[in-house]
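Novice: In the numbering used here, the protein residues as written are 2 to 158.
(1) Can you tell me whether residue 40 is helix, strand or coil according to DSSP?
(2) Under a three-way DSSP split, which group does residue 71 fall into?
(3) What's the C-alpha gap between residue 77 and residue 53?
(4) Would you please state the rounded distance, in angstroms, between the beta carbons of residue 132 and residue 12? I believe it to be under 8 Å.
(5) Going by alpha carbons, who is nearest to residue 15 out of 30, 29, 51 and 91?
(6) What is the DSSP secondary structure of residue 92, reduced to helix, strand or coil?
(7) Rounded C-beta distance between residue 64 and residue 127? I'm assuming under 8 Å.
(8) Nearest-angstrom Cα distance between residue 24 and residue 9?
(9) Less than 8 Å between the C-beta atoms of residue 21 and residue 139, yes or no?
(10) Locate the beta strand (DSSP E) running through residue 33, then write down its first and last residues.
(11) Looking at residue 75: is its Cβ nearer than 8 Å to the Cβ of residue 93?
(12) Give a yes or no on whether the C-beta atoms belonging to residue 90 and residue 45 are separated by under 8 Å.
(13) How is the alpha helix (DSSP H) around residue 26 delimited, first residue to last?
(14) Quick one: using the 10 Å Cβ neighbour count with 16 as the cut-off for buried, is residue 157 buried or exposed?
(15) What would DSSP say about residue 122, mapped onto helix, strand or coil?
(16) Which two residues bound the contiguous alpha helix (DSSP H) that contains residue 142?
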């Protein structure tokens, strides 16, 4: 039996995010503020989830090919874009259900293709692929900031 693909946890994390996103249609348009000064909306959470998945998938591909990674220039959670304030609709949820599982599957397939010998290979100063997959599962934090809009409060770090 082969070792468990560490990117399978990314798929599970995205599933958690989408479970919460299914409740965001009930969002009333008011900002959610966590950690004292972080403003969250459903669209901002989905944007950060997607950006995080893309950023680290690009890093994985660069590391596997021996290419330099693209430096991190994201503004991250420190900015809320005008588009983040849009109403969250059934179609927005449908689009997220199409986009995010494909990104998560890409991780799982890429990790399967490169194989277990690559997962823990040191890549100093970068993380190992296993460490990257573990880090990426943290995308749930973004979804947790918006939380379950049917009654559960957002969590804080």
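Glycine included, C-beta positions come from ideal geometry on N, C-alpha and C.
Specialist: Reading off the structure:
(1) Here residue 40 carries a strand assignment [DSSP, helix/strand/coil].
(2) Coil, per DSSP.
(3) Rounded to whole angstroms, residue 77 to residue 53 spans 9 Å at the Cα level.
(4) Not confirmed; about 17 Å, so no contact.
(5) Closest by alpha carbon: 51.
(6) Helix at residue 92.
(7) Indeed, because the Cβ distance is near 6 Å, the residues count as touching under 8 Å.
(8) For residue 24 and residue 9, the distance between alpha carbons rounds to 24 Å.
(9) Cβ atoms of residue 21 and residue 139: not closer than 8 Å.
(10) 33-35 is the extent of the beta strand (DSSP E) around residue 33.
(11) No, these two residues do not count as a Cβ contact at 8 Å.
(12) Cβ atoms of residue 90 and residue 45: not closer than 8 Å.
(13) From DSSP, residue 26 is part of no alpha helix (DSSP H); its letter is neither H nor E.
(14) Because residue 157 carries a pLDDT of 42, less than 50, the predicted location of this residue cannot be relied on, and the following value inherits that uncertainty. With fewer than 16 Cβ atoms within 10 Å of its Cβ, residue 157 is classed as exposed.
(15) Three-state result, residue 122: coil.
(16) Its alpha helix (DSSP H) spans residues 141-147.
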